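See below for the structure under consideration.
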Amino acid sequence: METNNKVLFIVSGILSISAGVIATICFLFLGKIFGYPEIIRETPQVILGKLYETRNLVPYLYYIGVGGAGICIFFLSLLLRKIFQLAGDDIWGYLGQYCGMVVGICLYAGIIRYTFLFPFLARLRAEGIYDPKTIDLVFEAFNTYVGESIAEHVQFTFMFFWLLFFSIAILKTRIINKWIAVLGVVLSIVIFYGNLELFGAPGAFLANRQGSDFVALWAVALGVNLIWARNTKPECATIRKA
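Residues in the sequence shown are numbered consecutively from 209, following our numbering.
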């Protein structure tokens with residue numbers, strides 16, 4: 209029914225805006241309080257020391273900002289697939305759905321290391337309970353695999369495809385403003401290059417972090433367009449009744 213379609217657009221828009229807003233706000237606070245993003249490439253001693261000093265705030269900023277955004281992206285991807293399917297796209301929205309689900313899971317599952325494990329290691333190191341070198345080794349091993357490999361590299365790989373596939377779906381269905389799709393394609397390229405950081409690409413870290421910030425703003429713009437489009441009928445694609 210038409211009412212159900214409107215609700216679908218509104219809920220999708222709210223999820224998209226929420227993902228972008230909470231990520232942006234929390235990253236701003238993390239930059240001021242924790243020195244993000246530069247600090248995440250510092251030594252374990254520096255990271256754990258700063259994390260211990262800010263243990264009453266930073267772990268929760270990570271959990272809400274990154275973890276919350278991940279949850280929003282997970283469910284947003286499910287609803288966007290439904291929107292594009294109703295508009296006649298059975299390929300790109302389908303692919304984008306699963307890529308977005310992986311992005312959401314990687315963000316949420318990966319960032320909780322900063323909420324639970326790393327504050328625990330920071331406390332052990334600050335209180336001198338164990339040998340600092342042993343703690344640093346545990347930190348580096350876990351952060352390299354769960355952090356840099358899964359939460360970052362794997363997540364950014366699927367974010368590239370998520371942005372690309374959904375942007376193609378937007379261009380195909382014309383459900384919302386085509387410039388959202390154009391920006392999505394551009395950002396997917398930035399994310400793709402930034403993801404080459406592990407392979408030593410120059411400037412990749414900066415591209416990665418700046419790209420992520422702009423993806424958050426893109427999500428807000430996407431959400432606003434989705435809510436706005438709830439009462440409009442696209443020129444070349446008609447929403448089928450649910």
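Beta carbons: idealized from backbone N, C-alpha and C, even for Gly.
Bear in mind the structure is a predicted one, so any value in this text is a computation, not a measurement.
| Check | Outcome |
| --- | --- |
| is_contact[I337, chain C] using C-beta, thresh 8 Å | In the structure shown, chain C cannot be found, because there is only a single protein chain. |
| Within 8 Å, strictly: CB atoms of F400 and C307 | no |
| Distance between I248 and L269 (C-alpha atoms, nearest Å) | 15 Å |
| Exposure of N403, with buried meaning 16 or more beta-carbon neighbours within 10 Å | buried |
| Beta-carbon separation (whole angstroms), L395 vs G431, contact threshold 8 Å | The Cβ separation is near 15 Å, so there is no contact. |
| Contact check, V428 vs I233, beta carbons under 8 Å | no |
| Ranges of the beta strand (DSSP E) found wholly within the segment 240-313, counting only runs of at least 3 | none |
| Which of helix, strand or coil DSSP assigns to D339 | coil |
| Rounded straight-line distance, which links the Cα of L284 to that of T323 | 24 Å |
| For L259 and V423, the rounded distance between their alpha carbons | 26 Å |
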